[in-house]
Each structure stands twice: as C-alpha cells, then as structure tokens.
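So the sequence lines, in the order shown, correspond to chains A and B. Be aware that the first sequence starts at 8, since it is given in the working numbering, and climbs by one per residue. Be aware that the second sequence starts at 102, since it is given in the working numbering, and climbs by one per residue. All residues carry an ideal CB built from backbone N, CA and C; glycine is no exception.
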Amino acid sequence: MRAKPHFAFFDEGSKKEIRRATLKAVAIPGYQVPFASREMPIARGWGTGGLQLTLSLIGKTDVLKVIDQGADESVNAVSIKKLVQETTGVQTTDQTEEADLIQSRHRIPETPMTKDQILVLQVPMPEPLRPVEAREYMTKRMHSEDDYSGAWLMLFEQIVKYGKTATAADHPVYVNGRYVMAPSPIPRFDNPRMHQSEALILLGAGREKKIYAVPPFTNVESLAFEDYPFAVESFKGKECQLCGSAHVFLDELIDQKTGEPVYQCNDTSYCMEQLNSREKVEVESSYA
Amino acid sequence: MAIDQIHDLQQVYRKLLHSMSRPGTISSIEQETENMDVDFGCADALMLSAMVLLDAEVTFHVLSTKRRDLIEKISEYTSARCVPLQEADFIIVLQEDRESEILEAMAQCKIGNLIDPQQSSTWIIETPALSNKGTLLLTGPGIETEAHLAMGQSFEFWQARDSRIKEYPMGIDMIFADGSSQVACLPRTVTAILMEVE
Chain A
8 MRAKPHFAFF
18 DEGSKKEIRR
28 ATLKAVAIPG
38 YQVPFASREM
48 PIARGWGTGG
58 LQLTLSLIGK
68 TDVLKVIDQG
78 ADESVNAVSI
88 KKLVQETTGV
98 QTTDQTEEAD
108 LIQSRHRIPE
118 TPMTKDQILV
128 LQVPMPEPLR
138 PVEAREYMTK
148 RMHSEDDYSG
158 AWLMLFEQIV
168 KYGKTATAAD
178 HPVYVNGRYV
188 MAPSPIPRFD
198 NPRMHQSEAL
208 ILLGAGREKK
218 IYAVPPFTNV
228 ESLAFEDYPF
238 AVESFKGKEC
248 QLCGSAHVFL
258 DELIDQKTGE
268 PVYQCNDTSY
278 CMEQLNSREK
288 VEVESSYA
Chain B
102 MAIDQIHDLQ
112 QVYRKLLHSM
122 SRPGTISSIE
132 QETENMDVDF
142 GCADALMLSA
152 MVLLDAEVTF
162 HVLSTKRRDL
172 IEKISEYTSA
182 RCVPLQEADF
192 IIVLQEDRES
202 EILEAMAQCK
212 IGNLIDPQQS
222 STWIIETPAL
232 SNKGTLLLTG
242 PGIETEAHLA
252 MGQSFEFWQA
262 RDSRIKEYPM
272 GIDMIFADGS
282 SQVACLPRTV
292 TAILMEVE
C-alpha cells in the first residue's frame, strides 16, 4: 500500500520557512534571500527551487501551468506537473490565462500575465557576480556595497571581444535601482517583460538555496552602456511557420528536406492558441 | 470548527503575499478567521498572521508587558520563542499599546545588516479598521502610481519608520491586521507620507 503524501508534499514547517523567505524576498526586490532548500524527489538543478516555491504557494483551488523552455509537454514540465498534481489534486492547464500559478523554466509566457497570477521561475545560477567572484562571502559583500563593477566588466569584455554584449540568456538586470539580479536564463527578449510587470515574479534556486523576487510594478532595467544600448533578439522579417505569428520569440529549426532554417513559436501553448482561434474563424466563415 | 493548519494557513499566506507585493492592497481573510474557535484577546487576523509565519525556528516579542496570556498562547500554538525586543524576528503590537512605547521599540528593533538585510524584524500590528480612503500616501515597488491607506497611525509613527528604513536595504516590514479580518502590508521599499488632507 502506498501512503498518501501530505498536501503539497512538504511538511508544514518547510512551507513556513519558504513562505517567510518569500515575503522577505518581496520586501527586498532582487535580493537573494537564503533558504533551507529541501531534498526533493527530483535532482537539484532540475527545477527544485521553482518546485519548492510552487509547493509553498499552492492551494486546493489553484490552477497550475508548468512550462519548460516555452513547452508545456517537455519531460521536465510534465514530471513537475505530475508531482504537484498527485500531491495536491489541483487542476493543471496549458492555457496561460487559466492558470493561477505558472512555473516556468527559462521563458516568460507570450500572453501577458495579470495581477492575479504568480510567475515562478526556476533558476540554476542566481548569482550574477559568480563568474567574476567564486566566493559567496565576497559576492554577498559586493551586493551589500552596491559594487557591480564585475557585472559591468563582463559586459564590457563581451563588447571588446564580439563588438556587442553577447549574453544569450540571463542578461543581468538592475531591480528597483539597487540590486543587480540574474533574471534566470530567460532570453533577452523576455527581460523587458519583467519591467513594471502586472504579475508577481518569484525566482527560486534550489541547488544554490536562494529565493528572490520582482514585485509587480517594479523597475527592472537590463544592464547596458550608453553607446551599446540593450537590444533584444531580433526576428525581423521572420514568422512562425505554423501560426504565422511575428513579434514573438521564435526557435530556429533546420528544415530536413531543404536544409533551410525555418522558424517556429517557442511558446507552444501560445502557438496552439493562435492556430485554434484561426481554425475557429475558418470553420465559422465556411459554415456561413 | 478549528483552523485548518494546512489549507486555511495557505490561504492566509497567499493573501499576505498578495498584500506584501502590492502595498496598500487590503485583503480580507474573513473566511479563515471564521474558523477560529478560541478567543485570543486580540484581532483574529493578527493571530492568524502570526500562525502563518511563526514556528520553532523564529522568535517573537509582544510589545505589551501586560499580556502574558497572549505570549503563552502564541508560544503554545506556534512553538515560537518569546525573546527581548532587540532580538525578535517578529514584533507584535496591539491596539492598546502606547505610542511612546511603539516609537521606542521601533528605534531598538532589528533591521538586518547590509550583508544580510533579511535578518530584520517584521512587525505585526493590530489597527483600527483599515481602509483605502486615507491620508497615508504610498509610493514604491508594487504600486502602479500611488495608493492610499488609513490605519490610524500618527505622524510620529511614520517618522520613526522612516528613520529605520532610510538605510535601505536594511529596514523593517509591517503587516497590519484589523478587527474585521483585513490585512495590509508595508514592505521597507515603500515610501509612506502622511498627508494633511485626502
């Protein structure tokens, strides 16, 4: 016989500890609050930070959406969804608008989020200064002294080497004008969505034992120089081969037959929605 | 019916989080306080907020020296330890507390340090009825333009708070709970100005 797990997997003490850290994180936007990351049934580095936040937040009536790099059906997203669903019995969804809680790995959904939603991001490396300083004691000190020369220097070196800032993802941001924060490995395309966001954004790093947050309506500025302004990935002249959407984050794929690059929406549920709504229009018009 | 330690507290936490991330937003936890069957001699919302956040890992301080009963109740229900004001993670203020004592406590409480600003005290304050038609003007992260709040605290109270949050990121966070089961929060990032007229 299998014992029934406790609601939301955690014991109540663990939830309380995460909840306290979360409230502190919201009160100090962008600051990484240490917390006692629990052992989870998935390996550290596979979204345990996000999962722990989700489990501390979730209630019986919540609807959950989990995405992994834009996809609802990828292995990581499905197993996290299953774990939460089996221990809480909540409803899950693919639709961004229907969800109360959205746990995401490396993407912010294309559909704008509302004030009643919470976005939980999984973070592998919460420390933006780690590439320049290996010691936690020192990076904490740099944050306390508002010393972000290391972060600026990284971008400067990229400009020297490549002629532009070459952060593919996880481009550092200034939160509320005080803390430099790793926005988790979201593409630069998603950085502006954090600025003055309607929804609360919580970030959890399980392996690194940190929780941090961007409250709604908070200034989030991507680090950039005056002569090298911040720029998002450009998909000018390209559109999704399935739904035809432009102005969204596109994945580049290679057409096996022609060998030419083709583009496709990275956010699968958004793409599906576009296709469905178009089909509905087609059906309605042909019926008439 | 007794409080459901899992589901009721989860609901209250979500309301607290909602109000903390949107300062000035008043959340009602009436559905949950209705389940309370013990009279704690303070606002139900205050006790419930304490139950959400306190456990054996943290410490608290009740400002009033006359309320041994409340200290015992909180310890019994949450296993948190009562400690002197200067060490407390949570400071509980009741409506009957004198302002001079509150101001003095605010000058002495923990505000964290620059390396660990999270090691600060959180105040849980019992207030007269909370309303959004107040003379307190709030601006800061979490507020789109500005928010108004009324909770009956004096000019001196806000001055004392200002002096403890001016060295941001160090500072104190506040949770206000009123007698009709409403809560509102004020994190350290928010600027609160008491206006003379609405």
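Of the choices the options, whose alpha-carbon is the least far from that of residue i?
| i | options | result |
| --- | --- | --- |
| E131/B | S122/B, G125/B, H119/B, A144/B | A144/B |
| V78/A | S151/A, D101/A, Q281/A | Just to set this straight, residue 78/A is Ala in the shown sequence, not Val. Nearest of S151/A, D101/A, Q281/A to A78/A, Cα basis: D101/A. |
| P190/A | R112/A, E246/A, Y270/A | R112/A |
| N214/B | A43/A, I35/A, L207/A | I35/A |
| R195/A | K67/A, P119/A, L230/A | L230/A |
| V239/A | C247/A, Q248/A, E228/A, L249/A | E228/A |
| M271/B | R262/B, A278/B, F277/B, M121/B | R262/B |
| D197/A | R185/A, V180/A, V187/A | V180/A |
| D156/B | F191/B, I276/B, E197/B, E227/B | F191/B |
| G96/A | T103/A, P116/A, T118/A, D69/A | D69/A |
| L250/B | D140/B, C286/B, E268/B, I226/B | C286/B |
| D374/A | V269/A, G170/A, A175/A, T118/A | Since the first and last residues shown for chain A are 8 and 295, residue 374/A lies out of range. |
| L160/A | V139/A, F17/A, R45/A | V139/A |
| I25/A | Y114/B, S120/B, A278/B | Y114/B |
| K6/A | F237/A, A106/A, R114/A | Here chain A has residues from 8 to 295 only, and residue 6/A is not among them. |
| S204/A | R214/A, P192/A, V221/A, I193/A | V221/A |
| I208/A | T99/A, A50/A, P119/A, T94/A | P119/A |
| Q281/A | V130/A, E267/A, V269/A, V255/A | V255/A |
For chain A, find out if any of its Cβ atoms is closer than 9 Å to the Cβ of residue i; answer yes or no.
| i | result |
| --- | --- |
| I104/B | no |
| E158/B | yes |
| H108/B | yes |
| E188/B | no |
| M121/B | yes |
| E268/B | no |
| E200/B | no |
| S221/B | yes |
| I212/B | no |
| V263/B | According to the sequence shown, residue 263/B is Asp rather than Val. No, because no Cβ of chain A sits closer than 9 Å to the Cβ of D263/B. |
| R289/B | yes |
| D274/B | yes |
Opposite residue i in the DSSP bridges: which residues?
| i | result |
| --- | --- |
| M188/A | V180/A |
| R123/B | None, per the DSSP bridge assignment. |
| Y270/A | E259/A |
| F277/B | I226/B, A285/B |
| R182/B | T160/B |
| D140/B | Beta-bridge pairing links D140/B to no other residue. |
| Y219/A | L210/A |
| E173/B | In DSSP, E173/B forms no bridge with anything. |
| K72/A | I109/A |
| S232/B | A251/B |
| Q98/A | V70/A |
| P218/B | P218/B is not bridged to any residue. |
| E257/B | E257/B is not bridged to any residue. |
| V194/B | I226/B |
| T292/B | T240/B |
| V227/A | V182/A |
| D78/A | One point to set straight first is that residue 78/A is Ala, not Asp, in the sequence displayed. In DSSP, A78/A forms a bridge with D75/A. |
| I212/B | S221/B |
| P48/A | None, per the DSSP bridge assignment. |
| P199/A | Paired residues: none, contrary to the question. |
Apart from the five residues on each side of it in sequence, which residues of its chain come closer than 6 Å, Cβ to Cβ, to residue i?
| i | result |
| --- | --- |
| I109/A | K72, L126 |
| F242/A | L257 |
| M188/A | G37, V180, V182 |
Spell out whether any CB of chain D is found under 9 Å from the CB atom of residue i.
| i | result |
| --- | --- |
| N198/A | No chain D is present in this structure, whose protein chains are A and B. |
Can you name, in chain order, every residue of its own chain whose Cβ lies under 7 Å from the Cβ of residue i, other than the five neighbours on each side?
| i | result |
| --- | --- |
| S282/B | S129, I130, E131, T134, D145, A146 |
| M296/B | T236, L238 |
| N298/A | The structure shown does not extend to residue 298/A, since chain A is modelled only from 8 through 295, so no value can be given for it. |
| R289/B | I266, Y269, G272, I273, D274 |
| T179/B | A151, M152, L155, D156 |
| M121/B | C286, P288 |
Does residue i have its Cβ less than 9 Å from a Cβ in chain B?
| i | result |
| --- | --- |
| A189/A | no |
| R185/A | yes |
| A106/A | no |
| P12/A | no |
| R9/A | no |
| V33/A | yes |
| K89/A | no |
| K122/A | yes |
| I115/A | no |
| Q202/A | With the sequence shown as reference, residue 202/A is identified as His, and Gln is not the correct amino acid for it. Output row for H202/A: interface = no. |
Looking only at its own chain, which residues have a Cβ that is under 8 Å from the Cβ of residue i, when we skip the five neighbours before and after it?
| i | result |
| --- | --- |
| Q187/B | Q209, C210, K211 |
| V184/B | T160, F161, H162 |
| I244/B | R123, P124, G125, V291 |
| R271/A | First, the residue type needs correcting, since residue 271/A is Gln and not Arg in the sequence shown. Within the same chain, Q271/A has close Cβ partners C247, Q248, L249, L257, D258, L260, C278. |
Item to complete: Mind listing, in chain order, the continuous beta strand (DSSP E) runs of no fewer than 3 residues lying wholly within the segment 115-153 of chain A?
Response: 125-129
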